[in-house]
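The structure appears below as structure tokens.
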Amino acid sequence: MKMSSVLLMSIAFVCQGMVFADTQKSNTQTLFSNDKPPLIQTAQEQEQKEVEVDRNQCWSAKNCSGKILNNKDAHNCKLSGGKSWRSKTTGQCTNL
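In the working numbering, the protein residues as written are 1 to 96.
What follows is the structure, encoded as structure tokens:
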């Protein structure tokens, strides 16, 4: 009886160790080169960024975040529900 209980306990211990080892497998997947984001901007992205700097921007959220609502002037921005304004002349963001 003593020998069978020791054998049963050792089998249970080994099975628990195997289950624990299966849950501790590391993720060995690697990123392929086409999955990585580009490190430099394309010419089109650079041109689009320069165009955005050349005009006034009315933003839907404070600190010039959210969506661009219009590009007219700060007074109309506030009337249209804008929360912040970026001037094309100074480039500074102003909360309304």
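C-beta: ideal position from N, C-alpha, C; glycine also. Keep in mind it's a predicted model, so treat the numbers as computed, not measured.
A residue is called buried when at least 16 other Cβ atoms come within 10 angstroms of its Cβ; Q92 does not meet this threshold and is exposed.
Between the C-alpha atoms of L96 and K88 there is a straight-line separation of about 16 angstroms. Sorting N56, G66, A61 by C-alpha distance to the C-alpha of R86 places N56 at the top. In the three-state reduction of the DSSP assignment, N76 falls in the helix class. Pairing T94 with S84 gives a Cβ-Cβ distance under 8 angstroms. Counting along the chain, the unbroken beta strand (DSSP E) around C93 starts and ends at 93-95. In the structure shown, K2 adopts helical secondary structure according to DSSP, grouped into three states. Cα atoms of S65 and N76: separation of roughly 18 angstroms, rounded to the nearest angstrom. For K67, the uninterrupted beta strand (DSSP E) run begins and ends at 65-68, by DSSP.
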